[in-house]
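What follows is a single structure, written as structure tokens, with notes after it.
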Amino acid sequence: MTKLQDPFSQDQRPRKRRHLFLRLDSWIDSVLWSAGSGLGEKWEDINIFFRRYHAKGYKRWFFEVLGESMTLGTAGAVLLLALALPAFEETYGNWREQDDFAVTFLDRYGNEIGHRGIIHEDSVPIDALPDHLIKSVLATEDRRFFEHFGIDLFGLTRAMTENVRANSVVQGGSTITQQLAKNLFLTNERTIERKIKEAFLALWLEANLSKNEILRLYLDRAYMGGGTFGIAAAAQFYFGKEITDVTLAESAMLAGLFKAPARYAPHINLPAARGRANEVLTNLVQGGLMTEGQVIGARRKPADIVDRGDRESPDYFLDWAFEEVRRIAARYHDHSLIVRTTIDENLQRAAEEALEAGLRQYGKRYDVDQGAIILIENGGAVRAMVGGRDYGESQFNRATKALRQPGSSFKVFVYTTAMENGFTPETTIRDAPITWRGWSPRNYGRGYKGRIDLTTALVKSVNTIPVRLARDHLGTEKIAEMAKRLGVESNVALDKTMPLGTSEVTVLDQATAYSVFAAGGMAPNRHGITQIMNYSGKVLFDQRRDVPERKRLLDEETIRSMNTILTQIPEWGTGRRAKLEGIKTGGKTGTTQAYRDGWFVGFTGNFTAAVWFGKDNFQPTARMTGGSLPAMTFKQFMTYAHQGIELKPIPGIEDPELEEDGSEKLATRSELTDDSGEPIIRPRVLSKQATSLLRELAEDFANAPPVNTQSQRSVAFKPDEQPAAVE
Numbered sequence: 245m246t247k248l249q250d251p252f253s254q255d256q257r258p259r260k261r262r263h264l265f266l267r268l269d270s271w272i273d274s275v276l277w278s279a280g281s282g283l284g285e286k287w288e289d290i291n292i293f294f295r296r297y298h299a300k301g302y303k304r305w306f307f308e309v310l311g312e313s314m315t316l317g318t319a320g321a322v323l324l325l326a327l328a329l330p331a332f333e334e335t336y337g338n339w340r341e342q343d344d345f346a347v348t349f350l351d352r353y354g355n356e357i358g359h360r361g362i363i364h365e366d367s368v369p370i371d372a373l374p375d376h377l378i379k380s381v382l383a384t385e386d387r388r389f390f391e392h393f394g395i396d397l398f399g400l401t402r403a404m405t406e407n408v409r410a411n412s413v414v415q416g417g418s419t420i421t422q423q424l425a426k427n428l429f430l431t432n433e434r435t436i437e438r439k440i441k442e443a444f445l446a447l448w449l450e451a452n453l454s455k456n457e458i459l460r461l462y463l464d465r466a467y468m469g470g471g472t473f474g475i476a477a478a479a480q481f482y483f484g485k486e487i488t489d490v491t492l493a494e495s496a497m498l499a500g501l502f503k504a505p506a507r508y509a510p511h512i513n514l515p516a517a518r519g520r521a522n523e524v525l526t527n528l529v530q531g532g533l534m535t536e537g538q539v540i541g542a543r544r545k546p547a548d549i550v551d552r553g554d555r556e557s558p559d560y561f562l563d564w565a566f567e568e569v570r571r572i573a574a575r576y577h578d579h580s581l582i583v584r585t586t587i588d589e590n591l592q593r594a595a596e597e598a599l600e601a602g603l604r605q606y607g608k609r610y611d612v613d614q615g616a617i618i619l620i621e622n623g624g625a626v627r628a629m630v631g632g633r634d635y636g637e638s639q640f641n642r643a644t645k646a647l648r649q650p651g652s653s654f655k656v657f658v659y660t661t662a663m664e665n666g667f668t669p670e671t672t673i674r675d676a677p678i679t680w681r682g683w684s685p686r687n688y689g690r691g692y693k694g695r696i697d698l699t700t701a702l703v704k705s706v707n708t709i710p711v712r713l714a715r716d717h718l719g720t721e722k723i724a725e726m727a728k729r730l731g732v733e734s735n736v737a738l739d740k741t742m743p744l745g746t747s748e749v750t751v752l753d754q755a756t757a758y759s760v761f762a763a764g765g766m767a768p769n770r771h772g773i774t775q776i777m778n779y780s781g782k783v784l785f786d787q788r789r790d791v792p793e794r795k796r797l798l799d800e801e802t803i804r805s806m807n808t809i810l811t812q813i814p815e816w817g818t819g820r821r822a823k824l825e826g827i828k829t830g831g832k833t834g835t836t837q838a839y840r841d842g843w844f845v846g847f848t849g850n851f852t853a854a855v856w857f858g859k860d861n862f863q864p865t866a867r868m869t870g871g872s873l874p875a876m877t878f879k880q881f882m883t884y885a886h887q888g889i890e891l892k893p894i895p896g897i898e899d900p901e902l903e904e905d906g907s908e909k910l911a912t913r914s915e916l917t918d919d920s921g922e923p924i925i926r927p928r929v930l931s932k933q934a935t936s937l938l939r940e941l942a943e944d945f946a947n948a949p950p951v952n953t954q955s956q957r958s959v960a961f962k963p964d965e966q967p968a969a970v971e
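Following our numbering, the residues of the sequence shown are numbered contiguously, the last one being 971.
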């Protein structure tokens, strides 16, 4: 019960407490009212003060627009800062210095195929370069170079006007500073993100370097065709002279290479190079840098070049191999190196021809303009690498650096995980509508088949089955772990859509992973370098000596199950156009959302190849699927690759067909046909007899006494099929 207070009590403490609370409440009210009143008076005084500046009529509209502009400008500045930060992150590190490696590359047979590093010639100061060379470059690439701040708004407007007038791209709006930013920090991938970064980095370069420094770096770092980087190296390669000694005609030819070095390289197409040089001379006259009388001599007597032949370097492969060399050889004191690679020039040319033929024949039909191919011989050696259609136009390697969605070709990792967790090719799963956390994937044909076995599901590329496996049985973590185990180096997202191939990978990732199936479950051991030596002949690195033995990644039962399914896809599945006549083939197609990417990744007992087609801007193609152009290109290339070699069996699958005498059957031109049934006429790489003879010679070389190599540059190499002597 509540105790009532005695009204007659003499205890004054409750009454004093109440008075104290009342005084405190009154004080708070008084302070707040006084503060509010004071602020109101101050605000009124401020308004009265600024009324004298109150604009009326047209002045009011001017200040209203000015105020809104300041607000929008502040918001824009915040947005620009957010966009600029990723660009400025590219400037971290010692980007000014050239790599101190000087590398000469050899193919698998010891033939020289190219160079990378400082062997391309040392930098020459701008003041030491011929005046007509500088003028030729500026007249063609950036006439207002010394006037703009990195981005030439006037030049951009002029280029857009000329392009609209010509209804095609006839002029570019990028400044020399922007091109240098791309060469130093970025790739040639055509995306909005890259262009934004390029603009910010151009401003950053202008703020941190002088105009002469920017121009010098541009001339030193640009690709000039023929495997050369920098204008000094190009002068040596094309004319056999120092850059300080080039004539006006030669300067015009060099300046013409910046636009498209592969197209205008004089050792490949001298008439085109001279025509381009004549355009440069015209630019000099139109830009007011020279008179017609000064250039007439160069027009009448165009530049001649040193005869270099017409052999092209496998530049995409060399760029990738150079990165591998820097990684492996970083711990060595010797940086002037001779590197024997795994590249096979016959297969490399065949891959380039297959890619170009596919784009020429079907590019317009499927609205596709780029592709990439990688070939790995079973054992891990990369025999061919094509990173794009034209290295001179774009040095961005789409085979090793472009992240693209693999589509259904990623399903292989889901099914491999399933086989490792107790499923078999005969296990049946229900093909029916499915929803996973609000996502409802559908099959390509929009129909459902009910209960089907896993073989049919993968051969026909049913979408609901891998999603059901991931949701109900496996989980995305196990699938991602499997992809990483098989050699996928790109980050694999754990999103619910991952089983259908939404996590981006590279062409090299796919080729590496599929090669595990061709290798019987052993680690892929992918490599592009077999030996690194210095110029005195000492072996610094040897693949057989310094790389650990291959480990088993998948058990034999899993391999048998997966290869049983994968070899049926070219027979009656989505990859029928990839089937090689007379040669057992396994593989998987891949098509991404909106037909942006088309894949075929396949293998035989001898090789694994990954083929990708798409567009750099990620725009949809004209309904190109992995079973169309990628599969046909795979067939054309792999048909060539298997001519004249002994066919090896796919692990877990029956042996290849045998001749009547019991010997292994060879793939010959007469039995290899295209889709029309006509024989494919391609030269043999090596006959069976030649292969046997080379093997005998290799054994003889391996058993021969060592040769004392006194020359600093002449080094003998043995074929990479046999172990080399190492120190």
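Yeah, the Cβ is synthetic: ideal placement off N, Cα and C, and Gly gets one too. Note that this is a predicted model, so its numbers are computed, not measured.
Quick one: is residue i buried, meaning 16 or more other Cβ sit within 10 Å of its Cβ, or exposed?
i, result
"residue 1011", "The structure shown does not extend to residue 1011, since the chain spans only 245 to 971, so no value can be given for it."
"residue 787", "buried"
"residue 731", "buried"
"residue 311", "exposed"
"residue 188", "Residue 188 lies beyond the residue range present for the chain, which begins at 245 and ends at 971; the question has no answer from this structure."
"residue 918", "Because residue 918 carries a pLDDT of 34, less than 50, the predicted location of this residue cannot be relied on, and the following value inherits that uncertainty. Label assigned to residue 918: exposed."
"residue 886", "buried"
"residue 670", "exposed"
"residue 551", "exposed"
"residue 349", "buried"
"residue 530", "exposed"
"residue 769", "buried"
"residue 282", "exposed"
"residue 314", "exposed"
"residue 630", "buried"
Any idea what DSSP makes of residue i, helix, strand or coil?
i, result
"residue 363", "Model confidence at residue 363 stands at a pLDDT of 44, short of 50, so the residue's coordinates are unreliable and nothing is read from them."
"residue 639", "coil"
"residue 270", "helix"
"residue 263", "helix"
"residue 836", "coil"
"residue 370", "helix"
"residue 779", "coil"
"residue 705", "coil"
"residue 617", "strand"
"residue 901", "Low per-residue confidence applies at residue 901: pLDDT is 48, beneath 50, and the placement is therefore not dependable, though the value from the model is reported in the following sentence. Of the three classes helix, strand and coil, the one that applies to residue 901 here is coil, per DSSP."
"residue 717", "helix"
"residue 751", "helix"
"residue 603", "helix"
"residue 822", "helix"
"residue 812", "coil"
"residue 759", "helix"
Using CA atoms only, rank isn't needed, just tell me which of the options is closest to residue i.
i, options, result
"residue 620", "676, 846 and 390", "846"
"residue 567", "577, 609, 682 and 773", "773"
"residue 473", "451, 518 and 427", "427"
"residue 377", "502, 658 and 813", "502"
"residue 451", "425, 529, 289 and 660", "425"
"residue 870", "820, 851, 280 and 667", "820"
"residue 854", "864, 822, 944 and 765", "822"
"residue 696", "277, 673, 706 and 702", "673"
"residue 389", "559, 459, 445 and 611", "459"
Does chain C have any CB closer than 8 Å to the CB of residue i?
i, result
"residue 662", "Absent from the structure is chain C; it holds one protein chain and no more."
* Okay, do the segment 494–514 and the segment 632–639 touch, 3+ Cβ pairs below 8 Å being the bar? -> Flag = yes, the segment 494–514 and the segment 632–639 touch.
* Asked: Would you call the segment 481–489 and the segment 436–453 touching, i.e. three or more CB-CB distances under 8 Å?
  -> no
* Is there contact here, the segment 603–619 with the segment 845–861, by at least three beta-carbon pairs under 8 Å? -> yes
* **Given 8 Å, three or more beta-carbon pairs between the segment 678–691 and the segment 711–723** => Taking a contact to require three or more Cβ pairs closer than 8 Å, the segment 678–691 and the segment 711–723 qualify as touching.
* What beta strand (DSSP E) runs, 3 residues minimum, are completely inside the segment 659–706? -> 672–675 and 694–697
* Asked: Hey, is the segment 774–786 in contact with the segment 799–818, meaning 3+ C-beta pairs nearer than 8 Å?
  -> At 8 Å Cβ cutoff, the stretches do not touch.
* Per the contact definition of three or more C-beta pairs closer than 8 Å, is the segment 588–608 in contact with the segment 803–814? -> No, they do not touch.
* To do: Examine the Cβ distances between the segment 520–528 and the segment 558–575 and report whether three or more of them are shorter than 8 Å.
  => no
* Asked: Would you call the segment 577–594 and the segment 655–668 touching, i.e. three or more CB-CB distances under 8 Å?
  -> no
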